[in-house]
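Written below as structure tokens is the structure these notes are about.
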Amino acid sequence: MFDYPKHPSNRNLSLYLYSKYQSFPVMSERGALIAEYVEEGFRSFLWAINRQVRTAMFRFDLRFPQDYGNAFNEGMINSFTRGLKEFIEQDQLEKLRSGKRVHKTEVNYLWVKEYGRASGRPHYHFALFLNKDAYMTLGRFGGRDNLYELIAKAWADAIGYPYYPAQRLVHACSNPKYCQKPVEYIDLNNTSADEQIGDAFYRLSYLFKAETKKFGRGCRNFGSSLGQTA
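Quick note: the sequence shown uses the UniProt record's numbering, first residue 1, plus one each step.
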């Protein structure tokens, strides 16, 4: 274990200043990462992609409406993850009943909470891991019967907001510098599996940056389906 320098705002956390972790590149160009998030995030990432041979990792952000005031609470992200699982299970059941071929999927995830530099308002960066054979794309914004709709419905329910305006609060990750596309594919049987894993973890490491995290508010900034929180 390296002797990492302590985070100046939270002495329980450390700063990760290296460009690689476990031989995989991380997004160090945005400055220091939080070492504990890198370590726990890597564990959660490996666990998620080993649950299914072919994994699709979807990256999106969850934001709050401008007229929401300061009514943010810790239970919202938990409500979102529970609701999203239920919507995906329901979606698969409906497809099965309609005679469509259905590939079962586990629902695994990793999230971090950040704060806008100018607004100071919280938002969530989210990574969702699904069976690629079950869900290959997010689908079109405003479309029906796609993964984007399920995510937007779950977020609307979690924050108690109408579904149609809530669609605009789900932002697919499309920044060409930090996240070239909203989905990464990992096929463990592919000869390029190591490269796919490296590309996906590099994208994921954006979530671990120390910048834009706030502490001392009694709220968690990190969570995953493995149960780790910080």
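Every residue, glycine too, gets a C-beta built ideally from N, C-alpha and C.
Exercise. Give me the Cα-Cα distance between S192 and Y185, rounded to the nearest whole angstrom.
Key: Each residue's alpha carbon lies about 11 Å from the other.
Quiz item: Under 8 Å, do W111 and H125 count as touching if we go by C-beta distance?
Solution: Yes, Cβ-Cβ distance for W111 and H125 is below 8 Å.
Quiz item: Any idea which residues DSSP pairs N78 with across the strands?
Solution: Paired residues: none, contrary to the question.
Quiz item: Counting along the chain, where does the alpha helix (DSSP H) carrying R11 start and finish?
Solution: No alpha helix (DSSP H) holds R11; the beta strand (DSSP E) holding it covers 10-16.
Exercise. Classify A193 as helix, strand or coil using the three-state DSSP reduction.
Key: It is helical.
Exercise. Take S19 and list the residues in its own chain whose beta-carbon comes closer than 8 Å to its own, dropping the five residues that flank it on each side.
Key: Around S19: P25, V26, S28.
Quiz item: Measuring CA to CA, which of N108, Q90, S98, A127 is closest to residue 236?
Solution: There is simply no residue 236 to check, as the chain begins at 1 and stops at 230 in what is shown.
Quiz item: How is K214 classed by DSSP in three states: helix, strand or coil?
Solution: Look at K214 here: in three-state DSSP terms it is coil, with no helix or strand label.
Quiz prompt | Nearest to Y21 (by Cα), restricted to the options D145, T212, I197, Q90 | solution = Of the candidates D145, T212, I197, Q90, the one whose C-alpha sits nearest the C-alpha of Y21 is I197.
Exercise. Report the residue from K6, Y4, D3, N10 whose alpha carbon sits nearest the alpha carbon of F215.
Key: Per the Cα distances, N10.
Quiz item: Taking buried to mean at least 16 other C-beta atoms within 10 Å of its own C-beta, is N50 buried or exposed?
Solution: In summary, N50 is exposed, with fewer than 16 beta-carbon neighbours lying within 10 Å of its beta-carbon over all protein chains present.
Practice problem: Indicate the three-state DSSP secondary structure (helix, strand or coil) for R144 in the structure shown. | Solution: Coil at R144, not helix or strand.
Quiz prompt | Alpha-carbon spacing of F42 relative to F222, whole angstroms | solution = Rounded to whole angstroms, F42 and F222 show a C-alpha spacing of 13 Å.
Quiz prompt | Cβ separation of P182 and F80, assumed to be a contact under 8 Å, to the nearest whole Å | solution = Not really, about 17 Å apart at Cβ, beyond 8 Å.
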